[in-house]
């Protein structure tokens, strides 16, 4: 009997092994999975509200969804590289990811400016729709492909403020000779009306404005401007942000590093960027009103609209700048044509939806 039991146990073990029940190839048996550690460099101060928070939020999303298989360490501007070196750092593979504004790279690809903001262009809702359902993202990725980069939409500030000025702006003449920190296409428009656009990172704004190195600066809006203390360096705060009606940020990923990831981690990055993109807009929408109230009621900031004739002149100059940019670069012309068609279409609908609703709501306030 003892020998029979021993024989049966051996037969059972052999049968189990031959069926694969105890082998490491069984899909039900957990297998060790490769882990990855990435670096993400940004153009913003570490953990700066809104702009700096987005990459931190993204990194947390990725680590949680991947169960720790992909960990991303975020570096603020200057911690690993200066803010204006994000593009080259990720392109070279020295860091796997970056978070910045695409209009900083106009010297490398002029059409990159379109993917942050166009003066008098689309707002955040409209821009996101063009990117994800109007062909914008595909053209952006085609633009960045020669640099071994894959871009993703990385947040939006919503409509910005026109900026901080040390003197009153009563006419277009007051913009002539004005040294203003304003990047991208907005800077080209300022130059068209006689101003002098200056390129500075966020960390340089306060001291430059306070010292008189610049006469004015745009940054984002009340939430971020209060955090930088810009009200201590300039007297006048103008609205609205004609130059950036919905400034979109970017996540850029080194293409070689991205393609080396398994497909599920690639999908996690895509989903996490979409989530961080919406989260930033939500954060600004929630925080700007309280910050504006603090600036006006606590700090006595003089907040006022730009004069109508100044807005009209800037709008006219924008049309000239966009035509010149399109004539100078076929790629810019191609992408802008897609952008403009989408903007015209969505504007027609928003006239009877969003705008009509705002007007009706105001009448009842």
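Residue numbers (my numbering): 7 to 371.
Glycine included, C-beta positions come from ideal geometry on N, C-alpha and C.
Computed from a predicted model, the values in this text were never measured in an experiment.
Can you tell me which of the three DSSP states residue 80 falls into? The residue labelled residue 80 in the question sits at position 74 within the chain shown. Strand.
Going by the DSSP bridge assignment, what does residue 170 pair with across the sheet? Here residue 170 corresponds to residue number 164 of the chain shown, with the count starting at 1. Beta-bridge annotation (DSSP): residue 170 is paired with 223, 243.
Length of the line joining the Cα atoms of residue 236 and residue 212: Looking up residue 236 in the chain shown gives position 230. Looking up residue 212 in the chain shown gives position 206. Approximately 6 Å between the Cα atoms of the pair.
Spatial neighbours of residue 142 within its chain, please: C-beta separation below 6 Å, excluding the five flanking residues on both sides. Against the chain shown, residue 142 aligns to sequence position 136. 136.
By how many angstroms is the C-alpha of residue 133 removed from the C-alpha of residue 240? Within the chain shown, numbered from 1, the residue matching residue 240 stands at position 234. Within the chain shown, numbered from 1, the residue matching residue 133 stands at position 127. Straight-line Cα distance between these residues: approximately 31 Å.
In three-state terms, what does DSSP make of residue 248? The residue given as residue 248 occupies position 242 in the chain shown. Reduced to three states, the DSSP call for residue 248 is coil.
With a Cβ-Cβ cutoff of 8 Å, do residue 114 and residue 79 count as a contact? The residue given as residue 114 occupies position 108 in the chain shown. The residue given as residue 79 occupies position 73 in the chain shown. Against a cut-off of 8 Å, the Cβ pair of residue 79 and residue 114 comes out as no contact.
Hey, quick one: how far does the beta strand (DSSP E) through residue 299 stretch, first residue to last? Taking the chain shown and counting its residues from 1, one reaches residue 299 at position 293. Premise fails: residue 299 lies in the alpha helix (DSSP H), 269-299, not in any beta strand (DSSP E).
So residue 59 is in the alpha helix (DSSP H); what residue range does that whole segment cover? On the chain shown, residue 59 is found 53 positions in, with the first residue counted as 1. Run containing residue 59: 59-71, per the alpha helix (DSSP H) assignment.
Can you look up residue 264 in the DSSP assignment and give me helix, strand or coil? Against the chain shown, residue 264 aligns to sequence position 258. Three-state result, residue 264: helix.
Suppose you measure from the CA of residue 376 to the CA of residue 42; what does that come to, to the nearest Å? Nothing about residue 376 can be reported from this structure: the residues present for the chain run from 7 to 371 only.
Could you compute how far the alpha carbon of residue 30 sits from the alpha carbon of residue 68? Here residue 30 corresponds to residue number 24 of the chain shown, with the count starting at 1. Here residue 68 corresponds to residue number 62 of the chain shown, with the count starting at 1. Per-residue confidence for residue 30 stands at a pLDDT of 37, beneath the threshold of 50, marking its modelled position as unreliable; the derived number appears in the next sentence. Computed Cα separation, rounded: 28 Å.
If you draw a straight line from the C-alpha of residue 158 to the C-alpha of residue 65, how long is it? The residue given as residue 158 occupies position 152 in the chain shown. The residue given as residue 65 occupies position 59 in the chain shown. Residue 158 and residue 65: Cα-Cα distance of roughly 14 Å.
Other residues of its chain near residue 130: CB distance less than 6 Å, five sequence neighbours each side excluded: For this step, residue 130 is matched to residue 124 along the chain shown. Taking C-beta separations shorter than 6 Å and ignoring five residues to either side along the sequence, the partners of residue 130 in its chain run 162, 164, 252, 287, following chain order.
Whole-number beta carbon distance between residue 109 and residue 118, since they are thought to touch under 8 Å: Along the chain shown, one-based indexing puts residue 118 at 112. Along the chain shown, one-based indexing puts residue 109 at 103. Taking 8 Å as the upper bound for CB-CB distance, residue 118 and residue 109 are in contact here, some 7 Å apart.
Nearest-angstrom Cβ-Cβ length linking residue 231 and residue 185, presumed shorter than 8 Å: For the purposes of this step, residue 231 is taken as residue 225 along the chain shown, with counting starting at 1. For the purposes of this step, residue 185 is taken as residue 179 along the chain shown, with counting starting at 1. No, residue 231 and residue 185 are not in contact; Cβ-Cβ is about 18 Å, not under 8 Å.
Hey, would you say residue 297 sits closer than 8 Å to residue 243, going by beta carbons? The sequence position of residue 297 within the chain shown is 291, counting from 1. The sequence position of residue 243 within the chain shown is 237, counting from 1. The answer is no: Cβ separation not under 8 Å.
Stretch pair the segment 100-107 + the segment 253-261: three plus CB contacts closer than 8 Å: Counting C-beta pairs closer than 8 Å gives three or more between the segment 100-107 and the segment 253-261, which meets the contact rule.
Three-state class that DSSP yields for residue 133 in the structure shown: Mapped onto the chain shown, residue 133 falls at position 127. Residue 133 falls in the helix class under three-state DSSP.
CA-CA distance, residue 290 and residue 56? Here residue 290 corresponds to residue number 284 of the chain shown, with the count starting at 1. Here residue 56 corresponds to residue number 50 of the chain shown, with the count starting at 1. Each residue's Cα considered, the two are about 7 Å apart.
Give the secondary structure of residue 54 by DSSP, where H, G and I count as helix, E and B as strand, and everything else as coil. Position 48 of the chain shown holds residue 54. Correct three-state label for residue 54: coil.
Simplified DSSP assignment, three categories, for residue 308: Reading the chain shown from its first residue, position 302 is the one you call residue 308. Secondary structure at residue 308: strand, using DSSP grouped into helix, strand and coil.
Just reading off the alpha helix (DSSP H) that residue 336 is part of, what are its end residues? Counted from its first residue, the chain shown places residue 336 at position 330. Segment 336-358, the alpha helix (DSSP H) holding residue 336.
Does DSSP put residue 101 in a helix, a strand or coil? For the purposes of this step, residue 101 is identified with residue 95 of the chain shown, where counting begins at 1. If DSSP states are grouped into helix, strand and coil, residue 101 belongs with coil.
Specify the secondary structure class of residue 125 as computed by DSSP and reduced to three states. In the chain shown, the residue the question calls residue 125 occupies position 119. Residue 125 falls in the coil class under three-state DSSP.
Just to confirm, are residue 195 and residue 323 a CB contact at a threshold of 8 Å? Against the chain shown, residue 195 aligns to sequence position 189. Against the chain shown, residue 323 aligns to sequence position 317. Cβ atoms of residue 195 and residue 323: closer than 8 Å.
Using only CA atoms, which one of 340, 156, 197, 347 lies nearest to residue 103? One-based indexing of the chain shown puts residue 103 at position 97. Comparing Cα-Cα distances from residue 103 to each of 340, 156, 197, 347, the minimum goes to 156.
Applying the 10 Å Cβ sphere with the 16-neighbour rule, what's the burial state of residue 351? Translated into the one-based positions of the chain shown, residue 351 becomes position 345. Counting Cβ neighbours within 10 Å, residue 351 comes out exposed, since fewer than 16 surround it.
Under the three-state reduction of DSSP, which class applies to residue 29: helix, strand or coil? Reading the chain shown from its first residue, position 23 is the one you call residue 29. Caution applies to residue 29, whose pLDDT of 35 falls short of 50 and renders its modelled position unreliable; the value that the coordinates give is listed next. Coil.
Look at residue 175 and residue 312 and say whether their C-beta atoms are less than 8 Å apart. By one-based count along the chain shown, residue 175 stands at place 169. By one-based count along the chain shown, residue 312 stands at place 306. Between residue 175 and residue 312, the C-beta spacing is below 8 Å.
Evaluate residue 116 with the Cβ neighbour count: other Cβ atoms within 10 Å of its Cβ, from every protein chain shown; 16 or more gives buried, anything less gives exposed. On the chain shown, residue 116 is found 110 positions in, with the first residue counted as 1. Answer is buried; the Cβ neighbour count reaches 16.
Proximity below 8 Å, CB of residue 224 to CB of residue 169: Counted from its first residue, the chain shown places residue 224 at position 218. Counted from its first residue, the chain shown places residue 169 at position 163. Cβ atoms of residue 224 and residue 169: closer than 8 Å.
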